[in-house]
Amino acid sequence: MKIKKFGTTEQLVHSLAEPIAHEKGLRIWDVRFEKEGASWYLRVFIDKDSGVTIDDCEALSRPLSDLLDEKDPIKQGYFLEVGSAGIERELLRQSHFEASCGKLVTVKMIRPIEGVKDFIAELSGFDKEKVMLSFPVNTGGDDRGTKEIPLADIAHIKLYDDFNDYL
81 MKIKKFGTTE
91 QLVHSLAEPI
101 AHEKGLRIWD
111 VRFEKEGASW
121 YLRVFIDKDS
131 GVTIDDCEAL
141 SRPLSDLLDE
151 KDPIKQGYFL
161 EVGSAGIERE
171 LLRQSHFEAS
181 CGKLVTVKMI
191 RPIEGVKDFI
201 AELSGFDKEK
211 VMLSFPVNTG
221 GDDRGTKEIP
231 LADIAHIKLY
241 DDFNDYL
């Protein structure tokens, strides 16, 4: 896994969308410009502390669409989609890791560590080559072990939510 950077189109759209999102109390989580079959999709993923609603998506989509029509930064045809980043969103960019330090994450390894390929841990730090994860040492205490894991050994990292808070 590598920490991804925005492409030129994605960076431009991010810079156009950010002020609108901020005005609406939203954060831009990610921007992707992707081809699927014969069609191109401009996907803007948003986040908000209290959770994203369909009204939030619409509140960004309409003015962003108007601004994109006005500035016309993308010459080819595309479909604009604005949606939630999701509860268990994947961490792909440096800003994602920064925003997620201290939170629980699900990690899927390319190669197992001590025989384990999938696990949940707290993201305690990162740099461009590795993540630092805190693990419970035992179930009876608060002691935690920390491991540095190379990003090259990780298939993906996602925020973890056990969904029990919603029951």
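Quick note on the working numbering: the sequence shown kicks off at 81 and runs consecutively.
Backbone N, C-alpha and C fix where the C-beta goes; we use that ideal spot for every residue, glycine too.
- The C-beta distance from residue 90 to residue 112 rounds to 7 Å, short enough to meet the 8 Å contact threshold.
- A check of alpha carbon separations from residue 167 across 152, 81, 94 and 239 identifies 239 as the nearest.
- The shortest CA-to-CA distance from residue 81 to any of 130, 242 and 231 is the one to 231.
- Rounded to the nearest whole angstrom, the CA to CA distance from residue 236 to residue 187 is 6 Å.
- Taking the Cβ atoms as the reference, residue 146 lies roughly 20 Å from residue 125, outside the contact range of under 8 Å.
- Annotated three-state conformation of residue 199 is strand, per DSSP.
- With a cutoff of 8 Å on beta-carbon distance, residue 181 and residue 204 are scored as near each other.
- Residue pairing by DSSP places residue 189 opposite 234 in a beta bridge.
- For residue 112, the enclosing beta strand (DSSP E) starts and ends at 107-116.
- A distance of 8 Å or more separates the beta carbons of residue 189 and residue 183.
- The Cβ-Cβ distance between residue 151 and residue 96 falls below 8 Å.
- Our two residues, residue 213 and residue 172, have alpha carbons roughly 16 Å apart in a direct line.
- As the crow flies, the alpha-carbon of residue 206 is around 36 Å from that of residue 119.
- Shown here for residue 211: same chain residues with a beta carbon closer than 6 Å to its own, the five before and five after excluded, namely 229 in chain order.
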